[in-house]
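Numbering follows the numbering used here, in which position 15 of the sequence shown is assigned residue number 15; successive positions increment by one, without gaps.
Every residue, glycine too, gets a C-beta built ideally from N, C-alpha and C.
Nothing here was measured: the structure is a model prediction, and the numbers come from that model.
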Amino acid sequence: MPGFDIFDTIDTLRSKGESFCVATVLRTADVTSAKAGAKAAITGTGEILGHLGGACVQRAVRASAVKALSSGDPQMIRIKPSDKVVSLADPDGVQTFKSGCPSGGTVDLLVEPYQHAPKLVIFGDTPIASALRAHATLAGLRVCLPKGTVGEAYSEFDPDDLPALGIQPRDFVVVASQGKGDAVALKSALQSPARRVSMVASRRKAQVLCDRLISLGMNPARVEQLKAPAGLDIHAVDPHEIALSILAEIIFWRNIDKSEEASHDEKTA
């Protein structure tokens with residue numbers, strides 16, 4: 001690859017906001033085309049940018065990258081000849097993959113995931129929305145607010161074109177419009193792929209809005225996923241206290257989601 005620089009490639013992927021993995025060859029034994037120190041980036045679609053070795057190594061790296069991106073944890077893997085593999089992991093705990101390559105070499109790699117922090121999409125230009133965006137930024141979330149309500153420090157989105165924001169299931173959406181376009185904002189939020197959606201509203205108000213969405217054809221199962229009122233019950237009173245309760249709930253969700261994903265990976269490994 002003339003002119004290829006793995007660090008430039010990594011920087012480009014980061015600037016695009018994409019999730020990816022970086023695989024590094026740690027050690028090789030016997031004959032193999034992989035070289036210790038070689039690096040490559042593996043995109044979310046499985047494309048390998050860089051050279052790590054032959055097809056057997058590439059298959060193993062792709063599989064490990066999927067697992068690393070799902071769990072958020074780095075993966076140590078070893079590819080070695082089929083006749084030398086007796087279990088899914090070697091005595092030192094490293095996950096093993098079978099290689100059918102005639103060279104008969106062994107390759108150890110470290111596959112490290114890179115993911116930007118989850119997005120926090122906030123509907124509304126209210127005191128609670130303002131307090132939440134300030135606290136969430138300090139917590140490292142990527143805050144997104146409707147166009148016309150933010151400065152350069154935040155990402156903007158068009159409430160009428162939420163899909164353009166590229167929301168993923170791991171992101172969070174909070175409806176804090178508080179009487180200004182609540183129904184439209186809630187509909188848009190629940191139509192997003194975000195697994196966690198909450199609303200700053202009383203249970204009664206949220207139920208009325210949810211019943212209306214169901215009557216208009218929205219899937220009841222999706223509507224039931226709404227959390228309202230938003231936030232943990234810490235007896236919050238002013239906007240900053242309410243914002244902190246919402247942020248605490250988001251952090252709680254993020255951590256339990258990670259734990260559940262890790263548990264699932266262990267059971268299916």
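Asked	Found
Buried versus exposed call for Pro-146 [16 or more other C-beta atoms within 10 Å across all chains shown]	buried
Enclosing alpha helix (DSSP H) for Gln-58 [first to last residue]	55-71
Per DSSP, cross-strand counterpart(s) of Thr-96	Arg-78
DSSP bridge partner residues for Ser-198 (one or two, in chain order)	Val-174, Lys-227
Terminal residues of the alpha helix (DSSP H) in which Pro-127 lies	127-138
C-alpha gap between Phe-123 and Met-218, whole angstroms	20 Å
Where Asp-158 sits in the DSSP three-state scheme	coil
Enclosing beta strand (DSSP E) for Phe-20 [first to last residue]	20-29
Same chain only: Cβ atoms within 6 Å of Tyr-154, ignoring 5 sequence neighbours per side	Val-143, Leu-145
Cα-Cα separation between Thr-268 and Leu-141, rounded to whole angstroms	Note on Thr-268: pLDDT 48, under 50, position unreliable in the model; the coordinate value appears next. One C-alpha to the other measures close to 30 Å.
Residue(s) in a DSSP beta bridge with Gly-50	Ala-40
Cβ-Cβ separation, Val-174 to Ser-198 (assumed contact under 8 Å), whole Å	5 Å
CB-CB length for Cys-21 against Leu-69, believed under 8 Å	6 Å
Rounded Cβ spacing between Ala-185 and Ser-177 (contact assumed at less than 8 Å)	5 Å
Spatial distance of His-264 from Val-66 (CA atoms)	Its pLDDT being 49, under 50, His-264 is placed unreliably in this model, and the value from its coordinates should be taken loosely. In a straight line, the C-alpha of His-264 is about 14 Å away from that of Val-66.
Cβ pair Val-61, Ala-117 closer than 8 Å	no
Residues bridged to Lys-119 (per DSSP)	Arg-142
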